[in-house]
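Student: Numbering (numbering that gives the first Met the number 0), first residue to last: 0 to 214.
For each residue, glycine too, the CB sits at the ideal point set by N, CA and C.
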Amino acid sequence: MPKTTFLKLPDERKEKLRKIIYNIFINKDYESISIRNLVTEMDISIGSFYKYFDDKAEMYLFFFCEIEKKIFEEEKRRNSSFFYPTELLDLHEILTQEEIDFSTSWLKVPEDVLYKFYFKGHAKRLYRSILDELIEMQKKSQLNPHITANIAYHIIITSMFSFMLYIKENKITDKEDFFNRKTTYYQTVILPGILSEKYYKQKYSKNAIKSEIIL
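(1) Going residue by residue through the region 78 to 152, where are the continuous alpha helix (DSSP H) segments of at least 4 residues, counting only ones entirely within it?
(2) Using DSSP with H/G/I as helix, E/B as strand and the rest coil, what is residue 6?
(3) Among the residues of its own chain, which have a CB less than 8 Å from the CB of residue 275, if the five just before and after it don't count?
(4) Work out the CA separation of residue 109 and residue 146 for me, nearest whole Å.
(5) Suppose contacts are defined by Cβ-Cβ distances below 9 Å. Is residue 125 in contact with residue 68 by that definition?
(6) Whether or not the region 141 to 156 and the region 88 to 100 are in contact is what I'm after, with contact meaning three or more pairs of Cβ atoms, one per stretch, closer than 8 Å; do they touch?
(7) Just the Cα atoms here: how many angstroms apart are residue 31 and residue 37?
(8) Does residue 193 pass the burial test, meaning 16 or more other C-beta atoms within 10 Å, or should it be called exposed?
(9) State the start and end residues of the unbroken alpha helix (DSSP H) segment that holds residue 202.
(10) Under three-state DSSP, which class holds residue 159?
(11) Measuring straight from C-alpha to C-alpha, what distance separates residue 45 and residue 11?
(12) Could you have a look at residue 176 and say whether DSSP puts it in helix, strand or coil?
(13) Whose C-alpha, out of 170, 42, 79, is nearest the C-alpha of residue 128?
(14) Taking residue 6 as the reference, give the member of 177, 51, 83, 23 with the closest Cα.
(15) Short of 8 Å in beta carbon distance, which residues of its chain neighbour residue 107, apart from the five on each side in sequence? Order them along the chain.
Next comes the structure, spelled out in structure tokens:
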């Protein structure tokens with residue numbers, strides 16, 4: 000999260016810095032960008048940077064989560080379930096091209112940034128509504144009877160870390176390819192373990208609608 004000093008900046012100033020930061024990460028790989036590069040482009044001192052953010056990773060994750068939240072909130076509005084959405088989202092309907100390009104940089108961030116996102120609270124805060132749905136599913140006996148909603152939520156969030164390492168190791172940078180592989184991963188590896196056998200067969204049999212989980 001950004002520090003209070005950044006949050007208290009005038010909206011116009013924050014928006015200007017946001018656009019600069021987007022542009023930096025769109026045009027350069029995460030690991031090649033130094034704090035000095037950032038402050039030069041942002042036209043601030045190194046001291047000011049650390050008054051705004053703890054480090055480069057926290058700065059990046061703040062802006063990444065802002066975009067993910069937009070996508071996630073729109074998915075919630077359009078679909079009754081995160082596990083089998085009925086309406087797929089065209090990102091161009093809700094994001095600017097800059098936001099889409101910046102979010103694509105996620106496929107190239109280093110392992111420590113992925114770890115911080117999935118294991119240090121960012122993902123669990125962002126996707127809290129999934130836990131709410133899992134709790135309701137547990138009440139309806141739609142989850143594996145041997146696990147709780149909280150365990151299922153932890154599995155869903157943290158398993159994405161391993162999947163992202165696979166993406167990095169195989170140098171997958173095409174968004175469509177990424178989403179197709181992610182869908183297969185969740186529907187064939189993760190969901191059979193967290194859903195009840197009956198519910199899984201009902202929703203993910205060969206005749207069921209195949210659609211991606213939003214994460």
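Tutor: Walking through what the data contain:
(1) 96 to 103, 110 to 118, 121 to 125, 127 to 138
(2) Residue 6 carries a helical assignment under DSSP once its states are collapsed to helix, strand and coil.
(3) Residue 275 lies beyond the residue range present for the chain, which begins at 0 and ends at 214; the question has no answer from this structure.
(4) 32 Å
(5) Contact: yes.
(6) Flag = no, the region 88 to 100 and the region 141 to 156 do not touch.
(7) Answer to the nearest angstrom: the Cα atoms are 11 Å apart.
(8) buried
(9) Start and end: 196 to 203.
(10) helix
(11) 21 Å
(12) Of the three classes helix, strand and coil, the one that applies to residue 176 here is helix, per DSSP.
(13) 79
(14) The residue with the shortest Cα to Cα distance from residue 6 is 51.
(15) Only 28, 29, 167, 172 meet the Cβ criterion.
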